[in-house]
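Heads up: the sequence shown begins at 16 in our numbering, then just goes up one per residue. Backbone N, C-alpha and C define an ideal beta-carbon position, used for all residues, glycine too. Notes follow once the structure below has been shown.
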Amino acid sequence: MIRGIGLALVSIALSHATAWAQTSPLATDKDGRIRTQLSARNALTVSAEIAARVASLPLREGEAFRAGQTLVGFDCALYQNQQRKAEAAVEAANAVLQSNQRMAELNSIGRFEVDQSQAKLKEAQAEAASAKLLVGRCAIAAPFAGRVVKRQVAAHQYVSPGNPLLDIVETGQLELQMIVPSKWLSWLKPGSSFSVEVEELGKSYPAKVQRLGAQIDPVSQTLPVYGVMDGSQPGLLPGMSGWAVFPVRK
C-alpha cells in the first residue's frame, strides 16, 4: 500500500503540458517542422506529513526506484509508543464495557453506565486508529517507478508537515508537447504518427499523437497537441527538446 505522500504535489504531466502550451509561441522552421519538448507523465514533490527526524534517505539525485519502494523513512519511536498506548486504552475500555454489560444483566447498574462505557470504547478506538495512521506515515513509498531529480533534505534532518523532501519524475513512456496551427485539425487526429528529432542526441524517434488541446487560441489560431513516444526509449530524458516532423500532406 502506498502511503505517506503528503504530496505538495506540484504537478502531474498534464498540468505541465497545459502551462507550457499557454506560454509557448508557435515555433516552426522552413520545412514545416514543429518545436516540441519531452516531459514525464508525472513529476511531483514528495513532502512530509508528520513532524519527525529523517532516519533514511537511500536515493541520491539521478538514481532510479521502483513503484512501492521506500523513498524516505522517519524515526517514529514516539509515534509507535503512542500507538501502543492507544491500543492498550482500547483493551482497557473493552474490558470495562464487558464488565458493565454483565453487571447490567444482574441489574447491578443501569443502562446509562453501559452506554457510557460503549462511548469510551469508541473514543479509544478512534484514538488508536489515528495513532496507527501516523505510524503508517513513517515511511514514504514511491507512487510509481521513476528517478530522483533533487533531494531537498538530508538524512538525520528534522522536518515538519509540509516540508518538501524529494523531487521525483516518472520514468517510462514520455509525453510530447507542441503548438500547431489550428488549420491542421483538418487532418491531425489522435493516433496520427510522426517522428521526433531530438537535438540533444541527434537522433530521430517514432511518436504518435495522444490527444488534442481543448481550445484554440483565438489570437494566434494555434492549438496545443500532446503526443507520446512509441515504445521504450531508455536514452530519452524529460526536458529534452527537438522538432516534430509530420508526414507531408498532399
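Asked	Found
Local conformation of Arg68 per DSSP, three classes	strand
C-alpha gap between Cys153 and Gln95, whole angstroms	9 Å
Bridge-paired residues (DSSP) for Glu212	Ser219 and Trp258
DSSP state of Ala82 mapped onto helix, strand, coil	coil
Chain-order list of residues whose beta-carbon lies under 6 Å from that of Glu128 (same chain, five-residue window excluded)	Asn115
Helix, strand or coil at Glu57 according to DSSP, with G and I counted as helix	Note that residue 57 is Asn in the sequence shown here, rather than Glu. DSSP places Asn57 in strand when its eight states are reduced to three.
Proximity of Gly88 and Ser62 at Cβ, strictly below 7 Å	no
Option nearest Glu142 by Cα separation, candidates Leu189, Lys198 and Gln97	Gln97
Inter-residue spacing [alpha-carbon to alpha-carbon] between Cys91 and Val150	7 Å
With 16 other Cβ atoms within 10 Å as the buried cut-off, status of Ala139	buried
Exposure of Trp2, with buried meaning 16 or more beta-carbon neighbours within 10 Å	Absent from the model: residue 2. The displayed extent of the chain is 16 to 265, so no value can be given.
Through-space distance from Ser197 to Glu76, alpha-carbon basis	40 Å
C-beta atoms of Val224 and Ser210 nearer than 7 Å	no
Residue interval of the alpha helix (DSSP H) (run including Glu106)	Ala92 to Glu120
Nearest to Glu214 (by Cα), restricted to the options Ala169, Glu185 and Met255	Met255
Helix, strand or coil at Lys204 [DSSP, three-state]	coil
Residues near Tyr107 in its chain [Cβ-Cβ closer than 8 Å; skip 5 each side]	First, the residue type needs correcting, since residue 107 is Ala and not Tyr in the sequence shown. Within the same chain, Ala107 has close Cβ partners Ala139.
Segment contact flag, the region 237-248 with the region 165-184, C-beta cutoff 8 Å, min 3 pairs	no
Simplified DSSP assignment, three categories, for Ala169	coil
As assigned by DSSP and simplified to three states, the class of Gly151	helix
With 16 other Cβ atoms within 10 Å as the buried cut-off, status of Pro158	buried
Gln192, enclosing beta strand (DSSP E) - first and last residue	Glu190 to Pro196
One or two residues paired with Asp182 in a DSSP bridge	Thr60 and Lys165
With 16 other Cβ atoms within 10 Å as the buried cut-off, status of Gln248	buried
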